[in-house]
Each structure stands twice: as structure tokens, then as C-alpha cells.
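To start, the structure under review is shown below, and the notes come after it.
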Amino acid sequence: MAKEDNLIIAKKRFKSRLIVGTGKYKSMKECAKAVRLSGAEIVTVAVRRVNIVDKKKPLLMDYIDPKKITYLPNTAGCFTSEEALRTLRLAREIGKWKLVKLEVLGDKKTLFPDMIETLKTTEVLAKEGFKVMVYCSDDPLLAKRLENNGASAIMPLAAPIGSGLGIQNATNIKIIRSNTKLPLIIDAGLGQASDAAIAMELGCDGVLVNTAIAKATKPFLMAKAMKNAVIAGRQSYLSGRMNKSIFGSDSSPKKGII
4 MAKEDNLIIA KKRFKSRLIV GTGKYKSMKE CAKAVRLSGA EIVTVAVRRV
54 NIVDKKKPLL MDYIDPKKIT YLPNTAGCFT SEEALRTLRL AREIGKWKLV
104 KLEVLGDKKT LFPDMIETLK TTEVLAKEGF KVMVYCSDDP LLAKRLENNG
154 ASAIMPLAAP IGSGLGIQNA TNIKIIRSNT KLPLIIDAGL GQASDAAIAM
204 ELGCDGVLVN TAIAKATKPF LMAKAMKNAV IAGRQSYLSG RMNKSIFGSD
254 SSPKKGII
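Taking my numbering, the leading residue of the sequence shown gets 4, the next gets one more, and so forth.
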């Protein structure tokens, strides 16, 4: 893609519009290879689950260089504002990270976000100087409130985390796109490359993928497929699709027929 089409989040530029999670892989080595093949420049790091502190155990930094790949600490597994705030303040102390991903879950079965806690936490973090990318529901009104509360990026779910169902509510995603100038990144629920392409064709600025790659039969091949799908979807969106019609239209000229 052209340089002027870079993804910009909190004034940082990225060539890739694919963000990759670091969980659910068989090993950190497998994770690192998948990230490399995906071309992603941002990886999410679950501060409460991925080892970035204990030097007696394998460290993620030994496999994915934080000087080359942007780490995006997240609050996976947090169910209250207090847990999320504590987790991200710890991340700031550990790695001086200010660009973070917030998710405050409200239900252990669906893993849907608790938007009341999410809105409250976003406002606190923004006031503390964090650049907050926020996992949220696909409700356009709540997404706009997140923007008003200081979010740096809006990250609505496509479907429940890890479900692989793909985008369930394209209409709401389109409305969110039309309502915000913030980066819009689909987070959660994608299952295959075509899901990522559809998200990009809806006008999203990027997608975050973890389970779809990590749990694919051939994760390395899926990582490359996701990379290509995001590029193709973005190019398709920028191209401006043809108008739809319920009738057929000849592709060949009507004049000069033998």
C-alpha cells in the first residue's frame, strides 16, 4: 500500500493494518513465526497471562523484539475497572507503555464487554495520559461515547471472542464508521481470511486477529492469508465498488454486433 495510506494510531504510523494477538499458540516460537509471516507491526500482550517479567521462564521479548514490533499491553481477563486500571498501570511501570488496549469483560460465557465499566475506565486512563484502544460492543452510540471519553481507537467486536463467527452486524459497523474519525479496528470473532477482507471493505482501518490464526490447522498459512486479505480488503474499499442492481448489464458493447 502507498505510504500515505498508513494506519495512524495516536500519531504513530504503521504500514500493516493487521494486529495479531500472542495468546493460544502452542509455543512462543510458533507465535513469533506467525507474527513474522503476518507482517503485523503491532501485537497484543495479555499482561496477566503472557510472561514479560519472570526471567526464569521464556520471555516474549526473547521471541518478538519490542524494538521492532509495537507491544500493545491489554487487560484480557479483567472484569472490573479496578482490575483493568491496575493491570495497565503495571504495564506502564514494566515497559513504559502508554499505547494500550482496554477490555473489561462483563460475562464469562460470552466475553462481551461491560460497557459501563469500559466507559468509566477509558476516561480515567485518558486523563492519566494513556492512549487507549478500546474493545467494545458494536453499539454506535456507546462507540461515540468512548470517543468523547478520550479513546484513541474504537475496537468493536465482530462476534464473541474466539468464536470465529465473523461479522454479525455489518450495519452497525458501517454506522460506527460514519460517526467517528478515530481508527476503527474490528476486534474479536473473525474466523477466516474472508472475514478480515469484509471488515476492511466496510471501511474499518484494521483488524485484530488471534484465535483464527493460532487455532488454524496450519497457523502459518493462515497468518499469510490474513495479511493478504487485509491488503485486498483495503484496496477494494479504496477502489469504490460498483453500484448494485437487481438486473443484468451487458459487459460487451451493444453497437457493432455481427
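Ideal Cβ placement from N, Cα and C applies to all residues, glycine included.
| Asked | Found |
| --- | --- |
| Beta-carbon separation (whole angstroms), L211 vs G24, contact threshold 8 Å | 7 Å |
| Close-in-space but distant-in-sequence residues of the same chain around G132 (CB under 7 Å, 5 per side omitted) | K101 |
| Rounded separation between G243 and D208 - CA only | 15 Å |
| For G24, the residue or residues it bridges with in DSSP | T47 |
| Same chain, Cβ closer than 7 Å to N152, neighbours up to 5 away in sequence not counted | L122, T125, E126 and A129 |
| Closest Cα partner of M31 within the set D253, R237 and A217 | A217 |
| M158 and S140 closer than 7 Å at C-beta | no |
| One or two residues paired with A156 in a DSSP bridge | M136 |
| Proximity of V137 and L93 at Cβ, strictly below 7 Å | no |
| Run of the beta strand (DSSP E) containing P76, from where it starts to where it stops | T73 to N77 |
| P143 vs I178 beta-carbon contact at 7 Å | yes |
| Local Cβ density within 10 Å of S84, reported as buried at 16 or more and exposed below that | buried |
| F17 in three-state terms, based on DSSP | strand |
| Exposed unless 16 or more other CB atoms sit within 10 angstroms - verdict on T90 | buried |
| For G3, the three-state DSSP class (helix, strand or coil) | The chain is shown from 4 up to 261; residue 3 falls before or after that span and cannot be answered. |
| Cβ-heavy atom distance, R92 to the ligand NAD, below 6 Å | Judged by which ligands are present, the structure shown has none, so any question about the ligand NAD falls away. |
| Cut-off 6 Å between Cβ atoms - residues of its own chain near N182, not counting five sequence neighbours on either side | P143 and K147 |
| I176, DSSP secondary structure in three states | helix |
| Identity of the residue in K71, E7 and R16 nearest V38 by Cα | K71 |
| Straight-line Cα distance separating L62 from I176 | 37 Å |
| Alpha-carbon to alpha-carbon, M225 and K184 | 30 Å |
| Opposing strand residues paired with I188 [DSSP bridges] | G209 |
| Buried/exposed call for M245, threshold 16 Cβ in 10 Å | exposed |
| Nearest-angstrom beta carbon gap, V233 and L75 [assumed within contact, 8 Å] | About 17 Å; that fails the 8 Å criterion. |
| Helix, strand or coil at L93 [DSSP, three-state] | helix |
| L241, buried or exposed, once every other Cβ within 10 Å from all chains shown has been counted against 16 | exposed |
| Alpha-carbon spacing of A154 relative to N231, whole angstroms | 28 Å |
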